[in-house]
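Taking it in order: structure first as structure tokens, then the write-up.
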DNA sequence: TTGTATGCGTTATCAG
DNA sequence: CTGATAACGCATACAA
């Protein structure tokens with residue numbers, strides 16, 4: 007089933023079929039022929055061959071999504087946002103899940119070969135050796151020379167910290183990501199700054215790093231809780247880490263929020279079902295993905311992209327934060 | 007940067023380059039020439055053009071993943087499993103997220119055009135009109151005529167129900183999926199059967215349907231709890247639904263497990279951080295994805311695939327289930 | 001052991 | 001307004 011078959015069925019030449027079906031028939035093909043061709047294509051169930059088209063045009067109309075963890079709900083939502091935007095723009099989406107501990111070069115090589123017009127990198131630093139010709143947009147990082155889209159992490163972190171400080175907390179722990187993506191570095195810096203602003207020294211022992219699973223987070227949070235002088239509040243880089251803090255607190259009979267306030271980041275769905283419901287910084291992950299795809303599409307189209315865009319976040323105060331009891 | 011460039015640089019013909027780089031040089035090309043070609047390709051940073059290769063060979067070495075909700079952690083893990091298996095087999099993975107309420111025809115059409123050699127359908131029924139030539143494998147369903155891979159849902163549901171019945175529960179509610187995928191129909195049937203086996207009539211009022219978000223699930227579970235004679239236990243089609251049950255119980259001052267036992271399905275990560283930790287049926291989602299990809303790859307390679315495979319599950323008893331107090 | 005020639009299905013240029 | 005015709009980059013049958 008090729009355009010030649012359609013041409014034969016319609017009694018026209020193959021090039022006429024191509025002209026009609028790629029919408030470039032305006033003023034060149036008679037309305038009658040146009041209709042005949044379309045009908046023939048329809049009846050035969052003709053689909054243009056994507057490989058042939060890509061070969062000829064040099065564009066695949068497809069983008070690669072490089073995410074560090076398809077399993078994390080925040081990425082899930084971001085992917086969905088990007089994906090929907092891509093489909094409606096007529097782009098297919100190739101997925102590359104790159105576990106943190108593995109080199110991302112190999113899978114990218116495969117995509118670089120041409121099936122993809124550009125990449126969306128989620129959090130992960132794009133490889134130094136830039137892909138050959140493909141456009142790149144980075145999400146949740148702001149490297150120079152590459153367009154990026156990210157959340158107002160500073161604003162979110164500051165809001166959460168201000169909330170805690172206003173409640174009266176001074177000994178505030180930070181349960182952070184062990185892997186040092188830029189977005190997490192920002193949070194640590196802000197935590198330091200906020201404490202200093204409140205006249206407290208951010209003790210090194212109050213920072214604990216963890217991977218993105220509950221077990222590891224519980225271990226890290228436990229270390230904080232087992233301190234001679236444990237924190238009265240913990241701000242977490244992610245709701246998953248906050249979940250680990252809940253686990254650690256429960257294991258030690260530490261009550262939230264009476265004995266310990268906990269704040270998260272991302273507002274994952276499960277934050278609301280935690281007991282007590284988690285105070286966290288909420289972001290529109292789907293929009294983040296959609297905006298990022300938009301930037302990538304613009305870049306692919308050769309439009310001058312903005313260097314970067316930052317999207318707002320909002321602190322959602324729920325029941326995991328309260329004034330300190332000590 | 008094409009094979010012609012490499013040929014020129016190596017001082018050989020383009021076909022020699024092709025032979026060498028596609029590994030079909032065995033016994034046909036001298037070791038010396040082979041080395042020269044490889045070095046030239048390496049130095050020039052040559053990548054074969056995927057579109058041209060796909061056009062020529064008729065195979066894209068890429069598969070489509072059709073999932074109903076990228077946002078659901080279970081799918082995330084399944085995707086990761088399928089994705090890893092695909093990469094190691096040299097296949098790229100295209101993602102199609104099809105929200106339940108939307109037709110899946112449109113995005114599939116795009117992929118059908120040839121960039122994809124086959125599809126993995128996660129839960130979602132493959133379209134009646136079979137793709138043209140692409141292979142299909144279905145996950146978590148077992149349509150006839152199409153190879154499938156699924157979990158032992160019967161075994162898992164039976165185990166959970168037996169556990170509840172053994173604890174002494176007789177009035178057991180079922181919080182099910184509103185959308186009637188085969189896997190969910192099985193659960194409802196088993197629920198009916200188990201109750202009848204225990205000598206109880208499965209009252210229609212004890213079944214509530216919900217979508218896969220906490221809000222909706224809380225509403226549905228609430229309806230169960232507000233019954234004149236509420237159930238003493240609820241078995242849920244998914245941990246997300248179980249989370250909704252927690253929410254509904256909390257809102258009503260119903261204690262888990264003292265006043266209400268809750269059992270879930272999937273063993274999502276957050277099941278352990280719920281308070282109390284959720285009793286649920288655990289499955290290896292990554293393996294499910296990997297096995298499914300294996301079946302698809304076999305089908306694409308023309309090997310006779312098994313008609314279907316079922317993967318084991320295991321009940322994990324935690325603290326959300328206890329004997330009924332009434 | 002290597003090179004030549006051909007065609008995969010499109011799009012796009014250029015005659016007619 | 002429409003039809004030949006030439007690439008796009010690769011794999012492969014066949015010739016040398």
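Chains as they are written, first to last, in this note's numbering: chain A, 7 to 332; chain B, 7 to 332. Note that the Cβ used here is the ideal one computed from N, Cα and C, for glycine as well.
Counting only runs of 4 or more residues that sit fully inside the region 193-275 of chain A, the alpha helix (DSSP H) segments are 220-231, 245-257, in chain order. For the C-beta of residue 249 of chain B, the chain A residues within less than 7 Å are, from N- to C-terminus, 276, 279. Between the region 152-159 of chain A and the region 289-306 of chain A, the count of Cβ pairs shorter than 8 Å is three or higher; the stretches touch. If you ignore the 5 residues before and after residue 297 of chain A, its C-beta comes within less than 7 Å of the C-beta of 155, 315, 317, all in its own chain and listed in chain order. Residues of the same chain with a CB within less than 7 Å of the CB of residue 217 of chain B, apart from the 5 flanking positions on each side, are 184 in chain order. For a Cβ distance threshold of 7 Å, residue set 79, 82, 83, 86 of chain A lies close to residue 77 of chain B, ordered along the chain. A Cβ of chain B is located within less than 7 Å of the beta carbon of residue 101 of chain A. Taking all protein chains shown into account, residue 235 of chain B has fewer than 16 neighbouring C-beta atoms within 10 Å of its C-beta and is therefore exposed. Burial check for residue 30 of chain A: the Cβ neighbour count within 10 Å stays below 16, so the residue is exposed. Spatial neighbours of residue 19 of chain B in its own chain (CB-CB distance under 8 Å, excluding positions within 5 residues in sequence) are listed in chain order as 13. Pairing residue 227 of chain B with residue 61 of chain A gives a Cβ-Cβ distance that is not under 7 Å. Here residue 232 of chain A is exposed. Its C-beta has fewer than 16 other C-beta atoms within 10 Å.
Close partners of residue 253 of chain A in chain B (Cβ separation under 7 Å): 279. For residue 231 of chain B, the nearest beta carbon of chain A is not closer than 7 Å to its own beta carbon. Here residue 147 of chain B is buried. Its C-beta has 16 or more other C-beta atoms within 10 Å. Three or more Cβ pairs closer than 8 Å define a contact, and the region 319-332 of chain A meets that threshold against the region 168-187 of chain A. The region 59-73 of chain B and the region 119-132 of chain B touch, with three or more beta-carbon pairs separated by less than 8 Å. Judged by DSSP in its simplified three-state form, residue 279 of chain B adopts coil rather than helix or strand.
The three-state secondary structure of residue 156 of chain A, taken from DSSP, is strand. Contacts between residue 141 of chain B and chain A, judged by CB atoms closer than 7 Å, are missing: the closest CB pair is about 17 Å apart.
Shown here, residue 284 of chain A sits in coil according to DSSP, grouped into three states, outside any helix or strand.
Interface with chain A (7 Å Cβ-Cβ cutoff): residue 20 of chain B is excluded. When CB distances to chain A are screened at a threshold of 8 Å, the residues of the region 190-222 of chain B falling below it are 219, 220, in chain order. Taking a beta-carbon distance threshold of 7 Å, residue 50 of chain B does not count as an interface residue toward chain A. The count of Cβ pairs closer than 8 Å, one atom from the region 283-294 of chain B and one from the region 84-98 of chain B, reaches three, so the stretches are in contact. Taking a C-beta distance under 7 Å as the contact criterion, residue 23 of chain A and residue 70 of chain A do not qualify as a contact pair. Sequence-distant Cβ neighbours of residue 313 of chain A in its own chain, meaning closer than 7 Å and more than five residues away, are 153. Where residue 68 of chain B is concerned, the enclosing beta strand (DSSP E) starts and stops at 68-73.
Out of B/193, B/299, B/319, the CA that lies nearest to the CA of residue 92 of chain B is found in B/299. Counting every other CB atom within 10 Å of its CB across the protein chains shown gives residue 286 of chain A a total of 16 or more, marking it as buried. Here DSSP, grouped into helix, strand and coil, assigns residue 78 of chain B to coil. Nearest to residue 213 of chain A by alpha-carbon distance, out of A/257, A/205, A/240, is A/240. Taking 7 Å as the cut-off, the beta carbon of residue 273 of chain B is found closer than this to the beta carbon of residue 322 of chain B.
Taking the Cα of residue 100 of chain B as reference, the smallest distance to any Cα among A/80, A/77, A/72 is reached at A/72. Annotated three-state conformation of residue 9 of chain B is helix, per DSSP.
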